[in-house]
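Read through the structure below, which is laid out as structure tokens, and then see the notes.
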Amino acid sequence: MKPVTPVDHPDFTDWLEPLFAFTCADARQLIADFHAEMHHGLAGEKSSLKMLPTFIGRPSGNESGRFLAMDLGGTNLRVIAVKLDGKGQAQIGATSRFVIPAEMMQGAGDRLFDFLAQCVQTFFNQHHFDPRRPYNLGFTFSFPVDQRAIASGCLIEWTKGFTATDVVGKDVVALLDAALHERGVNNVRVSALANDTTGALMARAYGDANCDMGVILGTGSNACYPETRLDRLSGTPAAAVDEMIINMEWGNFDKLTPTEFDRRLDRDSPNPGRQRLEKMVSGMYLGELARLVIVAMIDRGSLLTSGDQPFFAKPYGLTSAHLAQSDAMADYGLDHIKAADAQAIARIAHLVFRRAARIAGTAITAVVTWMDSQLSHSHTIAVDGALFEKYPGFRRQMLAVIEEIYPKRADHIQLKLTSDGSGIGAAIIAAVAAGQSYR
């Protein structure tokens, strides 16, 4: 598809190109700001990066045995068994999937956790597991928690349609443990509480000793890395290990310069002033940013006609998935528009997604250079998420900005698609937790 020229839309290039540019100078400033926020966050000072300890380090690759994972991410529940061979290879041995009934999601909390325990029982029965053999289980609980230890975390609030009573403020690991024992499942120990970011890192790091960062680039965005300078951590128990993975919650980073469209999106969002980086980078918001630009260009008389405006009237009606398709506007119901208008919309999407990719690539570079200031060593970045996996050119644009910042050492950063951190990664976390201790 040929690029739109200024002749097609006289003010298009002059107005939008610089507005959504993210230059090498911008990237260097982001790195400096990221390092400052990381320093403050680790020290327990005011920072837009939470820098939360996960109370776990990376796997050695020597962990072996069979471990369980429970993945509670929404209305579906998955219980899996993962076999670790002690040589860096992980294999899923058995899987059971369950749909959580609405009455469990929205009823009494003890009934919900009894249902989870029942699913573990069903898993054992379906796959003929010995109920007397002990297992460690990693619990992926994709809701906001205040984690105080590797196997302890209190629910802050429910999301995703869950309203189960008497769970907020409670330790979800303790609730699951109690439900398992109540049902007589005494051979399962919930040894770790996991999130998808840490899980992605662990899933890749088990077989790749160079992996030292996990990144989510999907509906949302987050990152984690192993911190070795543990004296920087404020209010954390001394560790009997050499490193601790830090959950950065980087989606909240707030030192980027917003455009008028970013400000409008943020103002109208349910959480104004929060998750500023995520609103520029993640799949949940990029379609909406493009929609806001398209509406503004229609208003300026630079794109489509006023009669097309109703197609773009619904907030979040234009999604990242729409824009990832080769014939996006036809699939969106605008198969009647001129070729020049279709090209202009494709260009808008390109600019919005290019900026997102360059910010993500720069943020990764900031974390890597925090760990390795001269970029002297090889670093594998475990990346999960549909935005990274499916949007055309997203990975290429991430690599492009890394090459601009470090033209001679960019190949020291390798981006690797890593899926199933909530399954395989959680099981590996359980394995590592079984061999680590904190005092």
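For the sequence shown, this note's numbering begins at 15 and goes up steadily by one.
Note that the Cβ used here is the ideal one computed from N, Cα and C, for glycine as well.
The model shown is predicted, which means the values in this text are computed figures rather than measured ones.
Requested in this report: Can you tell me which of the three DSSP states T11 falls into?
Outcome: Any question about residue 11 goes unanswered here, given that the chain covers just 15 to 453.
Query raised in the report: Would you call I308 buried or exposed, if buried means 16 or more other Cβ atoms sit within 10 Å of its Cβ?
Result: buried
Query raised in the report: Just to confirm, are L215 and M227 a CB contact at a threshold of 8 Å?
Result: yes
Report task. Just the C-alpha distance for R409 and F267, rounded to the nearest angstrom, thanks. Result -> 21 Å
Query raised in the report: Secondary structure at A448, three-state DSSP: helix, strand or coil?
Result: helix
Report task. Classify E403 as helix, strand or coil using the three-state DSSP reduction. Result -> helix
**Report entry** C-alpha distance - S61 paired with V415, whole-angstrom precision
**Finding:** 25 Å
Query raised in the report: For K101, does the count of other Cβ atoms within 10 angstroms reach 16, so buried, or fall short, so exposed?
Result: exposed
Query raised in the report: Which of helix, strand or coil does DSSP assign to D7?
Result: This structure leaves residue 7 out entirely; the chain is present only between 15 and 453.
Requested in this report: Counting only the same chain and skipping the five closest in sequence on each side, list residues whose C-beta sits under 6 Å from that of T108.
Outcome: What sits at residue 108 in the sequence shown is Ala, not Thr. A95 and H141, listed in sequence order.
**Report entry** Alpha-carbon spacing of F137 relative to S110, whole angstroms
**Finding:** 6 Å
Report task. Would you please state the rounded distance, in angstroms, between the beta carbons of L270 and R290? I believe it to be under 8 Å. Result -> 6 Å
Report task. Return the chain-ordered list of same chain residues with a C-beta closer than 7 Å to the C-beta of G454, the five sequence neighbours on each side being excluded. Result -> As shown, the chain starts at 15 and ends at 453. That puts residue 454 outside it, with no answer to give.
Requested in this report: Have a look at G213 and I438 and give me their C-alpha separation to the nearest angstrom.
Outcome: 8 Å
Requested in this report: Please check the pair G71 and M294, which I expect to be a contact at CB under 8 Å, by giving their CB distance rounded to whole angstroms.
Outcome: Not confirmed; about 31 Å, so no contact.
Query raised in the report: Would L431 be called buried (16 or more neighbouring beta carbons within 10 Å of its own) or exposed?
Result: exposed
Query raised in the report: Should the stretch 417-433 be called in touch with the stretch 386-404, which here means at least 3 C-beta pairs below 8 Å?
Result: yes
**Report entry** N-terminal and C-terminal residue of the beta strand (DSSP E) that Q105 is part of
**Finding:** A104 to V113
Query raised in the report: If you draw a straight line from the C-alpha of S436 to the C-alpha of I230, how long is it?
Result: 12 Å
Requested in this report: Enumerate in chain order the residues of its own chain whose CB-to-CB distance from Q103 is below 7 Å, with the five nearest sequence positions on each side excluded.
Outcome: G221
**Report entry** Local conformation of A353 per DSSP, three classes
**Finding:** Reduced to three states, the DSSP call for A353 is helix.
Report task. Leaving aside the five residues before and after R146 along the sequence, list all residues of the same chain whose C-beta is less than 8 Å from its C-beta, in chain order. Result -> N201
Requested in this report: Name the two residues that bound the continuous alpha helix (DSSP H) containing L295.
Outcome: Note on residue identity: the sequence assigns Val, not Leu, to residue 295. That run of the alpha helix (DSSP H) goes R290 to V295.
**Report entry** Straight-line gap, F125 to G79 (C-alpha atoms, nearest Å)
**Finding:** This sequence places Arg at residue 125; Phe is not what is there. If you take the alpha carbons of R125 and G79, they lie about 32 Å apart.
Query raised in the report: Taking the alpha-carbon positions, what's the K97 to A445 distance?
Result: 10 Å
Query - First and last residue of the uninterrupted beta strand (DSSP E) at A163 - result: V159 to A163
Query raised in the report: Under the three-state reduction of DSSP, which class applies to P148: helix, strand or coil?
Result: coil
Query raised in the report: How would you label I312, buried or exposed, when you count the other beta carbons within 10 angstroms and need 16 or more for buried?
Result: By the neighbour-count definition (other C-beta atoms within 10 Å, threshold 16), I312 is a buried residue.
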